[in-house]
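What follows is a single structure, written as structure tokens, with notes after it.
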């Protein structure tokens with residue numbers, strides 16, 4: 001399954017439920033924000049070190065995978081509705097970041 | 107460029123700047139949240155209809171692509187640090203959603 | 213009950229549960245962000261017009277009041293931990309906004 | 319200046335700029351979320367300990383006060399538009415939390 005396959009699956013999913021009218025860019029940024037809020041809540045009381053050991057708690061493990069999945073789904077759906085190629089846009093941004101933040105001399 | 111290539115590029119980018127110690131799951135969820143905040147701000151005063159016509163303003167067009175790229179970069183970096191396969195996790199979530207939200211009868 | 217009374221109540225609440233070590237500015241901004249995510253989720257699929265008629269659904273009515281309360285509690289707790297007088301800071305910001313956004317001529 | 323005075327000031331501010339039509343609950347939750355995103359970004363790379371020492375950097379000090387002010391302003395404006403008494407709602411929530419999280423025995 002590629003990113004494009006998953007995007008198509010989400011498009012079909014929305015169509016089969018008549019959800020397309022709800023999936024405006026405005027609404028989808030809100031949905032994305034809500035899911036990121038659920039993800040951040042899973043780490044809020046952990047120290048940075050504890051957050052790196054997140055797999056030690058099985059319930060947390062499921063929840064983190066579940067919430068990061070939701071974030072991914074809304075991000076893909078938003079990009080599809082916006083007509084943006086996420087990989088190309090992200091790659092172009094790394095190009096700009098390379099110039100903005102030069103690597104350390106070695 | 108695939109998702110895996112981009113993930114590797116971000117890994118190299120962080121290593122070349124000694125940023126890895128900052129890239130804990132906790133910190134990266136915060137960075138993700140901050141970027142989603144910048145994205146949502148671009149749509150906050152638009153009607154849903156105006157949000158769908160976002161490409162009519164060239165400055166907004168650049169900013170939306172720039173911010174959604176930042177969201178993507180932090181999401182990929184977070185998934186890499188967590189050791190989560192985003193496509194697999196997202197696909198498994200759609201499987202669960204198929205059961206939770208049955209399609210409309212046609 | 214004033215804002216200061218409520219702030220004191222939250223201070224006592226945290227102390228009675230030994231939660232103070234968790235209430236760093238970093239953690240509290242995450243908690244605030246998580247609660248705002250829950251609040252935004254209540255409005256994500258509504259049109260702006262429907263969002264203005266939010267009291268027509270009793271379940272939503274309770275949820276909106278509950279979530280905005282959570283946002284308020286974490287904001288007050290964060291301000292207390294930071295040692296910031298919220299009213300003074302907000303008022304100073306409106307002063308700056310008055311200069312940045314002149315009123316319309318009437 | 320009380321919370322009610324500040325709320326009234328924001329009401330007048332919006333009216334003097336014809337911003338009221340933009341200030342729907344939906345839009346204001348987005349604006350609130352965007353400002354929380356800017357606040358969280360100020361703490362994302364800090365350790366919890368560094369976040370507690372946030373006043374050691376004068377630029378950060380100004381930015382934190384500025385962003386928490388923005389969060390406060392949008393929260394007050396949202397509560398006003400929703401017709402919610404923030405102090406009463408927050409206080410009622412602490413009542414519920416008292417039952418949900420009993421204090422430690424001493």
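Protein chains in written order, with the working numbering: chain A, 1 to 106; chain B, 107 to 212; chain C, 213 to 318; chain D, 319 to 424.
Positions of the beta carbon are idealized from the N, C-alpha and C atoms, including for glycine.
Option nearest residue i by Cα separation, candidates the options
| i | options | result |
| --- | --- | --- |
| residue 252 of chain C | D/386, D/343, D/378 and D/331 | D/343 |
| residue 1 of chain A | B/204, B/193 and B/210 | B/193 |
| residue 42 of chain A | C/224, C/246 and C/312 | C/246 |
| residue 185 of chain B | A/78, A/101, A/98 and A/52 | A/52 |
| residue 423 of chain D | C/223, C/229, C/241 and C/243 | C/229 |
| residue 266 of chain C | D/414, D/349 and D/402 | D/402 |
| residue 365 of chain D | B/144, B/136 and B/169 | B/136 |
| residue 257 of chain C | A/32, A/97 and A/50 | A/32 |
| residue 36 of chain A | A/50, A/49, A/63 and A/59 | A/63 |
| residue 414 of chain D | C/269, C/268, C/262 and C/277 | C/277 |
Endpoints, alpha helix (DSSP H) assigned at residue i
| i | result |
| --- | --- |
| residue 114 of chain B | 109-122 |
| residue 174 of chain B | 164-188 |
| residue 53 of chain A | It is not in any alpha helix (DSSP H) - residue 53 of chain A carries neither H nor E in the DSSP assignment. |
| residue 310 of chain C | 298-312 |
| residue 343 of chain D | 343-359 |
Cβ shell of residue i (< 6 Å), same chain only, five flanking positions each side left out
| i | result |
| --- | --- |
| residue 20 of chain A | 14 |
Cβ neighbours of residue i in the same chain (closer than 7 Å, five flanking residues each side left out)
| i | result |
| --- | --- |
| residue 235 of chain C | 226, 289 and 293 |
| residue 240 of chain C | 286, 289, 290 and 293 |
| residue 166 of chain B | 148 and 160 |
Contacts around residue i, its chain only, beta-carbon distance under 8 Å, and the 5 residues preceding and following it disregarded
| i | result |
| --- | --- |
| residue 10 of chain A | 73, 76, 77 and 80 |
| residue 250 of chain C | 279 and 282 |
Inset, instruction - Kindly confirm or deny that the segment 111-129 of chain B and the segment 178-186 of chain B touch, where touching means at least three C-beta pairs closer than 8 Å. - result: yes
Legend entry - Segment contact flag, the segment 189-208 of chain B with the segment 58-70 of chain A, C-beta cutoff 8 Å, min 3 pairs: yes
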